[in-house]
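What follows is a set of notes on a single structure, which appears directly below.
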Amino acid sequence: MASQLHSIKPKKNVVILISGRGSNMEVFLDASSRGLLDGAIVRVISNRPDAQGIVTAKQHGIATTVIDHKQFETRESFDAALADEVATANPDVIVLAGFMRILTPIFINQFLGKLVNIHPSLLPKYAGLNTHQRAIDAGDTEAGATVHYVTNELDGGPAILQARVPIVERETAKTLASKVLKVEHLIFPRAVNWHLQERVIFTELGAYLDGELLPSNGATWDPTHV
Ligand code: GRF
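Taken in order, the sequence shown gives residues 1 to 226; the numbers are from the working numbering.
Structure, rendered in structure tokens:
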């Protein structure tokens, strides 16, 4: 009996940061309620009081906090308050699910190796905003999404998993965004599960998956991935 008890591992803690709609967050809530997330979502935090995702998280019975960045004079003072709130949840991973604030080293250094973001481009291409229009304007034939660890370089941390979608004739930023969002929803929980299972780890050299250093654009999404 005692040995059985010892073999039961406590669930890892997942904190999700959002700023808006929260469709990526919702995918995590759904995975969790279907027993497909290797951790417990312990808190959802928004920097915007009007974020739709906060309403959704509450409907799922998840603890929520709003820390309105407009109430802070500096980026650093907001980040310090956010870090205090996140730390109380004792996170194993902090999922940035459409969190639209640039984080400063005050926050990032405290949680380095536990911060995972999704970016709507084939990183290292198109860090920053307006990724879909930039890909179309450049004449690219493919776009996509990348899950990556967060470092102090904007959208520049080690990539974990990337999915591609074709850019077709007469593609607009809107049509492309909706195609990319669909693959975001597939790869984000998969990559976070790899982190929770300690299959993927962050190092200064890059992300390792199952002991192998991943290429700079991460693993390539394959629907048969487990
Ligand atoms: C996603 O496209 C994500 O890649 C980007 O912001 C959007 C957030 O969407 N960082 P949602 O709030 O998850 O619906």
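All residues carry an ideal CB built from backbone N, CA and C; glycine is no exception.
For residue i versus residue j, is the C-beta spacing smaller than 9 Å?
i, j, result
"methionine 25", "alanine 97", "yes"
"isoleucine 54", "valine 15", "no"
"leucine 196", "glycine 39", "yes"
"glycine 51", "proline 189", "This sequence places alanine at residue 51; glycine is not what is there. No, these two residues do not count as a Cβ contact at 9 Å."
"phenylalanine 111", "valine 86", "yes"
Please report the straight-line C-alpha distance between residue i and residue j, rounded to a whole angstrom.
i, j, result
"methionine 1", "alanine 145", "Because methionine 1 sits at a pLDDT of 48, beneath the cut-off of 50, its placement in the model cannot be relied upon, and the point is left open."
"proline 105", "isoleucine 160", "21 Å"
"lysine 114", "serine 23", "21 Å"
"histidine 119", "isoleucine 18", "13 Å"
"alanine 219", "serine 33", "27 Å"
"phenylalanine 28", "valine 42", "12 Å"
"threonine 74", "glutamate 212", "40 Å"
"threonine 172", "valine 95", "28 Å"
"aspartate 231", "alanine 138", "With the chain covering only 1 through 226, there is no way to say anything about residue 231."
"alanine 135", "glutamate 142", "8 Å"
"glutamate 158", "methionine 100", "The question names glutamate, but residue 158 in the sequence shown is proline. Near 19 Å, if we compare the C-alpha coordinates of methionine 100 and proline 158."
"proline 223", "arginine 164", "12 Å"
"leucine 103", "tyrosine 208", "24 Å"
Heavy atom of the ligand GRF less than 8 Å from the Cβ of residue i, yes or no?
i, result
"glycine 156", "no"
"glycine 128", "no"
"proline 120", "yes"
"isoleucine 54", "no"
"leucine 181", "yes"
"serine 19", "yes"
"glycine 22", "yes"
"asparagine 47", "no"
"asparagine 217", "no"
"asparagine 117", "yes"
"glutamate 169", "no"
"glycine 238", "With the chain covering only 1 through 226, there is no way to say anything about residue 238."
Beta-carbon within less than 6 Å of residue i's beta-carbon, same chain only, minus the 5 sequence neighbours each way: which residues are those?
i, result
"aspartate 92", "Lys12 and Asn13"
Closer than 7 Å by C-beta to residue i: which residues in its own chain qualify, once you throw out the five before and the five after it? Chain order, please.
i, result
"aspartate 210", "Arg199"
"alanine 80", "Ile106"
Quick one: residues in its chain with C-beta nearer than 8 Å to the C-beta of residue i, no 5 flanking neighbours on either side, listed in chain order?
i, result
"threonine 64", "Arg43, Val44, Ile45, Ser46, Ile54, Ala57 and Lys58"
So, does the CB of residue i fall closer than 9 Å to a CB anywhere in chain B?
i, result
"isoleucine 8", "Checking the listed chains, one finds no chain B in this structure; it contains a single protein chain."
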